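Chemist:
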Amino acid sequence: MSWSISSTEVLARHRSAVLGFELHLAALRNPGLRALTQAWTEGSRTVLARFAGPDSAARLGPLLEGMIMHALLTTAPESPEKTRDAIDQTIGPAGQPGS
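In our numbering, the protein residues as written are 2 to 100.
1. For residue 23, which of helix, strand or coil comes out of DSSP?
2. Am I right that residue 27 and residue 34 are in contact with their C-beta atoms under 8 Å? What's the rounded C-beta distance?
3. Residue 88 to residue 32, Cα distance in whole Å?
4. To the nearest angstrom, how far is the alpha carbon of residue 90 from that of residue 83?
5. Kindly confirm or deny that the region 61–74 and the region 45–53 touch, where touching means at least three C-beta pairs closer than 8 Å.
6. Using the C-alpha atoms, what's the distance from residue 45 back to residue 54?
7. In whole angstroms, what is the alpha-carbon distance linking residue 22 and residue 70?
8. Please state whether DSSP places residue 66 in a helix, a strand or coil.
So, in structure tokens, the structure goes:
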């Protein structure tokens, strides 16, 4: 499947991802923010669970968070194939039992 998104949407997604990581980092120093970051995490896991099931979502969420953070910081992006391989190793290939 091929999706087309506008440059405005790309910038909005980038900004949202950066703000999410800034919130998580701020919560390390300010325990008062931890309930908010927990709610954010639970919300994203709920969305993932609709597609991958709750057990896979629990494993996939942290993987994606780390991969997104690295993608935001890197000067040499991972190939889509390497990204797919990491996801497959975490939750199994799409269409396979348990995935």
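The beta carbon of each residue, even a glycine, is placed where N, CA and C say it ideally should be.
This structure is a prediction, so every number in the text was calculated from the model and none was measured.
Modeler: Reading from the atomic positions:
1. helix
2. 5 Å
3. 31 Å
4. 11 Å
5. yes
6. 13 Å
7. 7 Å
8. helix
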